[in-house]
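Take the sequence shown: its position 133, counted from the start at 1, is 175 in the numbering used here, and no numbers get skipped.
Even for Gly, the Cβ is constructed at its ideal location relative to N, Cα and C.
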Amino acid sequence: MFRTCMARAVSSAVRVQSTSRVFKPSVTSFVRFESSQPSKPPQPDAAEVRKIIHENQHELDRDWNAKIITYAELKPKTESPDPNSVLIDVREPDEVMQGMIPSAVNVPLTVLGEALRLSPASFQEKYGFEKPRKDQEVTFYCRSGKRSTSASDIAKRNGFSNILNYTGSWLEWTEKETKP
């Protein structure tokens, strides 16, 4: 079978050679890639990638613009709380045992959507504080900033308009509060 194919190829090449110029194949067309493993692209430094992701997390996770609040902006609000604003910790109760930011209240992310749909009286009875108004300033925080971003999104979908997200959350708060 191989001989037949070669004979046909040679006879057709002879015919082509008589009528036009035939180009010889280059050596590179015969070189075969013999690697058993595909080459891997260069890997970026993992720490650098994590840093870039952390810096841009708020842009990656949301599809609307909730205002980000910093530690420096939040600190004065905790020292003299405003009755027209509420700071909500969306961590689970077992995490809250580690501590909370002063003046914060706890509504776990797992029940936040349901809680925001409760009547004001039911909310007050269940959580022990007044249900935030839809136009009231509501600031969310969690442990590292991911759940607070989700909480901001849930609040937005439930009609709240004045939402702040403390993306530094509990980890940043404890770090800054323990430094001399």
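query                                                                                                       : result
Check whether S21 and S194 have beta carbons under 8 Å apart                                                : Because residue 21 is not part of the residues shown, which for the chain are 43 to 222, the question remains open.
Whole runs of the beta strand (DSSP E) within the segment 135 to 208, excluding any shorter than 3 residues : 146 to 148, 179 to 183, 205 to 207
Distance, P84 Cα to L158 Cα                                                                                 : 47 Å
Check whether I130 and T209 have beta carbons under 8 Å apart                                               : no
Residues that DSSP places opposite V128 in a beta bridge                                                    : V180
Integer Cβ distance of V153 from V128, believed to fall under 8 Å                                           : Contact doesn't hold; Cβ gap of about 16 Å is too wide.
Supposed close pair A185, R133 - CB separation, criterion 8 Å                                               : The amino acid occupying residue 185 in the given sequence is Arg; Ala does not appear at that position. With 8 Å as the limit, R185 and R133 qualify as a contact, their Cβ atoms being about 6 Å apart.
Length of the line joining the Cα atoms of L160 and G170                                                    : 13 Å
Length of the line joining the Cα atoms of P144 and T120                                                    : 6 Å
Closest by C-alpha distance to Y183, when choosing among V138, F202, V91                                    : V138
Under the three-state DSSP convention, the category I110 falls into                                         : strand
Neighbour-count burial assignment, A114, 16 or more Cβ in a 10 Å radius                                     : exposed
Where the alpha helix (DSSP H) containing S211 begins and where it ends                                     : 211 to 220
L213, buried or exposed, once every other Cβ within 10 Å from all chains shown has been counted against 16  : exposed
Contact under 8 Å by Cβ, A108 with N207                                                                     : yes
For P84, three-class secondary structure by DSSP                                                            : coil
DSSP-derived helix/strand/coil call for P123                                                                : coil
Test item: CB-CB of V180 and I205 under 8 Å                                                                 : yes
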